[in-house]
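Comments concern the structure below.
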Amino acid sequence: MDYPIVLLNSWVLGLVTGCIRDQSIYSTNLLVKNFIKFESPTCTNLNVTPLLRVFAFTKSTDSGEISAVLHDSSHKILVLFTKECIERFESRYGQRITYHTVHSLFLVKQANLRFLTLFQLRSKFGVVGGLRISPKVALVYLEISDVDFFQRDQIWVSPLAEKMLHYVYGDVEYEKKYGQQNVSPQGIADFVLENDDGLISDEESLPSLVKSCF
Numbered sequence: 001m002d003y004p005i006v007l008l009n010s011w012v013l014g015l016v017t018g019c020i021r022d023q024s025i026y027s028t029n030l031l032v033k034n035f036i037k038f039e040s041p042t043c044t045n046l047n048v049t050p051l052l053r054v055f056a057f058t059k060s061t062d063s064g065e066i067s068a069v070l071h072d073s074s075h076k077i078l079v080l081f082t083k084e085c086i087e088r089f090e091s092r093y094g095q096r097i098t099y100h101t102v103h104s105l106f107l108v109k110q111a112n113l114r115f116l117t118l119f120q121l122r123s124k125f126g127v128v129g130g131l132r133i134s135p136k137v138a139l140v141y142l143e144i145s146d147v148d149f150f151q152r153d154q155i156w157v158s159p160l161a162e163k164m165l166h167y168v169y170g171d172v173e174y175e176k177k178y179g180q181q182n183v184s185p186q187g188i189a190d191f192v193l194e195n196d197d198g199l200i201s202d203e204e205s206l207p208s209l210v211k212s213c214f
């Protein structure tokens, strides 16, 4: 049984597992800067259109971010909308990003891929229904800095179809790529993994995936 929303493709798992370097140790929580960069179908670093459906919003943070669960046609992933992203979206559309947008389709225009510690999971995402994690597997999330509506209408599907969706973190390929034997971001204390740790900046950490549009 295919997921009933034909506009959605299955791309998140392949992109997330395809960017990791084998036997890697990361010194910052920024795994890939500009993991998603989409300006137009001909000006992007992806070979798919990065469409995701809003499954649920989970928490508002003290710093003005909003966390959520989004999904493609097969997998769910944790995302964090930055304060700047929220302000830009709400100015553009004249509504709150959380107002009747659960089950709407979003076009992700810019996002980083970051590691997520257990402390950050609690503080930024709160309680996430259905999420089962292994202490032996590193977590990642999309830090979205720019997003548009792709389809504003809320698209409802059957409970059976919703149950087809699984978190990327439990997939065999994800566990293989992000298991402790292959990647180690957890040697760094939680407080060091904050953006303002003063050690390594985002610009210094990893190269961007942005390709030239020309």
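Residue 72 in full-length UniProt numbering sits at position 72 of the sequence shown, and the numbers go up by one each step. C-beta atoms are modelled at their ideal positions from N, C-alpha and C, and glycine is treated no differently. As the structure is a prediction and not an experimental result, all values here were calculated from the model.
Could you tell me the boundaries of the beta strand (DSSP E) in which residue i lies?
| i | result |
| --- | --- |
| F115 | L105 to L116 |
Just reading off the alpha helix (DSSP H) that residue i is part of, what are its end residues?
| i | result |
| --- | --- |
| Y3 | Careful: Y3 lies outside any alpha helix (DSSP H) and carries neither H nor E. |
| G172 | Note that residue 172 is Val in the sequence shown here, rather than Gly. V172 to Y178 is the span of the alpha helix (DSSP H), which, as asked, contains V172. |
Candidates the options: which alpha carbon is nearest residue i's?
| i | options | result |
| --- | --- | --- |
| C19 | T101, Y26 and L31 | L31 |
| L142 | V128, L113 and R122 | L113 |
| L78 | S24, T44 and I133 | I133 |
| L7 | W156, E90 and L105 | L105 |
| A56 | Q110, G129 and A161 | G129 |
| K163 | K76, G126, K59 and E175 | K76 |
| F89 | W11, F150 and I5 | F150 |
| Y167 | G14, P4 and I5 | G14 |
| Q181 | V12, S10, R21 and N9 | R21 |
| H100 | E175, D153 and T44 | D153 |
| A68 | R92, G179, K176 and V127 | V127 |
State the beta-bridge partners of residue i as determined by DSSP.
| i | result |
| --- | --- |
| V183 | S24 |
| Y169 | Partner(s): none; Y169 has no beta bridge. |
Return no unless some Cβ of chain B is closer than 8 angstroms to the Cβ of residue i.
| i | result |
| --- | --- |
| L7 | Chain labels in this structure do not include chain B; a single protein chain is all it has. |
Extract the residue ranges of the beta strand (DSSP E) inside the UniProt domain "Shelterin complex subunit TPP1/Est3" (8 to 164), only unbroken runs of 3 or more that lie entirely within it.
30 to 40, 51 to 60, 66 to 71, 75 to 81, 105 to 116 and 139 to 151
The stretch 164 to 171 touching the stretch 58 to 67, judged by at least three CB pairs closer than 8 angstroms
no
Does the stretch 113 to 130 come into contact with the stretch 67 to 86, if we say contact requires no fewer than three beta-carbon pairs (one atom in each stretch) closer than 8 angstroms?
yes
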